[in-house]
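Position in the sequence shown (from 1) plus 76 gives the number in my numbering.
Using N, Cα and C, we set each Cβ at its ideal position, and we do this for glycine too.
Keep in mind the model is a prediction, meaning the values are calculated, not measured.
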Amino acid sequence: MAKKTSGRQRLLIPFSVLGLATSLYALKTLKDSGAFTAIWDHPLADCHLVKGVIGAEDMGAFSTSQVVISSTDREHHNPSSRNGLYLYNMNVRDGTPRLITPDLKGEPHGLSLWKSDEAKRIFVIVHHPDADDQVLIYDLEGSDLKFVKTVEFPGLKTLNGIIALDKERFFVSQDLGFTSPFGQALEKYLRRPFGKVFYYDGNETHVAAENILYANGLELAPDRKTLYVASMLGQSLLLFNHDDSTHSLALRETVYLGTAPDNIHLTPDDRLLVGTHPKLLDLKAHAQDPLGHRAPAQLLSVSLDGNSIEELYSSRGQPLSAISAGIQVSDRILMGAIFDDGILNCAK
């Protein structure tokens, strides 16, 4: 005779299933955050740390003598540091980056450079603690900046990456949909794809792509037919078809990296340099205590079609933790980090 299931046992079944599901989700979250990933030191040759710029989250270069760096002391660990854009001359080995936006208010984040015969233009995202995000546009004239324009983004506080299309238009990413700390924490933990890419046409802003899991860095292919979007929590590069006449986007492919991508930059030989964060829980701890808790750093080289992925550099957190961007300038590679003081200048 079959045993009867008691009411108490029946009641325990859904709780057991819920507990198992919660445990499995927690394990998946730990795996996706890189908790079980082993990191080794994989250095580049002839590296030296160039200090004097804190939180060099993003950068770009017009030439070896004109490297532009976006710097923000995000956790306010150095009272004497000044947020802004810095100019670095790579030709002077012991040179220090120079602040070129002494009057800038706010916290610079992603940046993009655009060059023509007439101008060297800089687009930079700026956050404000008590106001909405902006994109500021400057022209670099010699070693000084000339202000051009401010683009307002009413209601948005989570812009992240930017790529210029010409002297007026650009794409910009929004990493999280929520603006409150609690909402953002929930969005990240539950892995909700509320990130977007916006297109600014010179006058107005339009949603170009949405439903992205933490949209981060952006880059455009040399033929302008593909827009690359870093999905940080998706550990992927998203490849969008880009119509250069309408600037519409259509997702074509997702390239899984197995590490959390940040900024993306094109190299002279048409590959993508991607700063990545292999251990997100260490990144969170590093943000709270940059000197006491170091976070692994990684730089990948990815082919334009996404079929070739190579690790160029990795470290367990020294001399820079949490590298967010890498660019190739001539025969050197520069790397910047989210919280640390300095950029790393290495041989390619």
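On the CB-based measure, 16 or more other CB atoms within 10 Å of its CB, does Thr352 come out buried or exposed? buried
Excluding sequence positions up to five away, which residues of its chain have a Cβ less than 8 Å from the Cβ of Lys264? Leu252, Tyr290, Leu309
Contacting residues, own chain, Cβ-Cβ under 6 Å from Arg370 (five flanking each side not counted): Gly393, Ser397
Out of Ile198, Arg158, Ala363, Thr172, which has the shortest C-alpha to C-alpha gap to Asn421? Thr172
Same chain, Cβ closer than 8 Å to Glu228, five either side skipped, listed in chain order: Asp208, Gln210
Use the C-beta contact count for Ser307: other C-beta atoms within 10 angstroms, 16 or more gives buried, fewer gives exposed. buried
For the alpha helix (DSSP H) containing Pro257, name the first residue and the last one. 257-265
With contact counted as at least three CB pairs below 8 Å, one residue from each stretch, are the region 119-132 and the region 340-358 in contact? no
To the nearest angstrom, how far is it from the Cα of Ser377 to the Cα of Glu386? 5 Å
Flag Leu180 as yes if its beta-carbon sits less than 8 Å from any beta-carbon of chain D, otherwise no. Here chain D cannot be found, since the structure has a single protein chain.
Bounding residues of the alpha helix (DSSP H) (the contiguous stretch that carries Leu380): First-last for Leu380: undefined, no H or E at that position.
Taking the straight line between their C-alpha atoms, what separation do you get for Leu103 and Ala195? Below a pLDDT of 50, predicted positions are generally treated as unreliable, and Leu103, at 49, falls in that range; no measurement from the model is reported.
Taking all protein chains shown into account, decide if Trp190 is buried (16 or more other Cβ within 10 angstroms of its Cβ) or exposed. buried
Starting from Lys355 and walking both ways along the alpha helix (DSSP H), at which residues does that stretch end? Where Lys355 is concerned, there is no enclosing alpha helix (DSSP H), given that its DSSP letter is neither H nor E.
What's the C-alpha gap between Pro257 and Lys360? Approximately 14 Å between the Cα atoms of the pair.
Given Lys301, which residues of its chain have a CB within under 8 Å of its CB, disregarding the five upstream and five downstream residues? Asn317, His318, Asp320
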